[in-house]
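Structure record follows, encoded as structure tokens.
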Amino acid sequence: MAKPGLYLEDLYVQPAHRGAGIGQALLRHLGAIAVQRDYGRFEWSVLDWNANAIALYEKMGATVMPDWRICRVAGPALQALGSGGL
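For this note's numbering, count along the sequence shown from 1 and bump the result up by 888.
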């Protein structure tokens with residue numbers, strides 16, 4: 889992928905407002921920004937148990953990539969990594 893991309897860190901719609909199209913509208917708007925800027929992709933993460941979100945994303949044309957995992961370093965491990973201790 890030679891072009892830059894857009895990454896959405898978090899998307900949360902309060903339960904009382906789900907099903908109203910809020911999340912879909914936000915994703916469409918961000919998709920439009922990615923197209924306007926000639927980005928090569930628009931990516932975000934979803935937890936594997938969130939079947940409703942996955943169904944929505946797939947309906948919107950997203951591919952859920954089963955071979956990717958999020959890596960996190962936090963707390964003492966982050967301190968060690970940042971100080972050259974690992």
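We put the CB at the ideal spot given by N, CA and C, even for glycine. Model, not experiment: these values are computed from the prediction.
**Report entry** Minimum C-alpha distance to Ala943 - residue among Asp898, Gly911, Glu897 and Pro892
**Finding:** Gly911
Requested in this report: Could you name the residues of the same chain whose beta carbon sits closer than 7 Å to that of Tyr945, not counting the 5 residues immediately before and after it, in chain order?
Outcome: Val934 and Val952
Requested in this report: Put Glu897 into one of helix, strand or coil per three-state DSSP.
Outcome: coil
**Report entry** Option in Tyr900, Gln924 and Glu931 with minimal Cα separation from Trp956
**Finding:** Glu931
**Report entry** Cα-Cα separation between Asn938 and Arg925, rounded to whole angstroms
**Finding:** 30 Å
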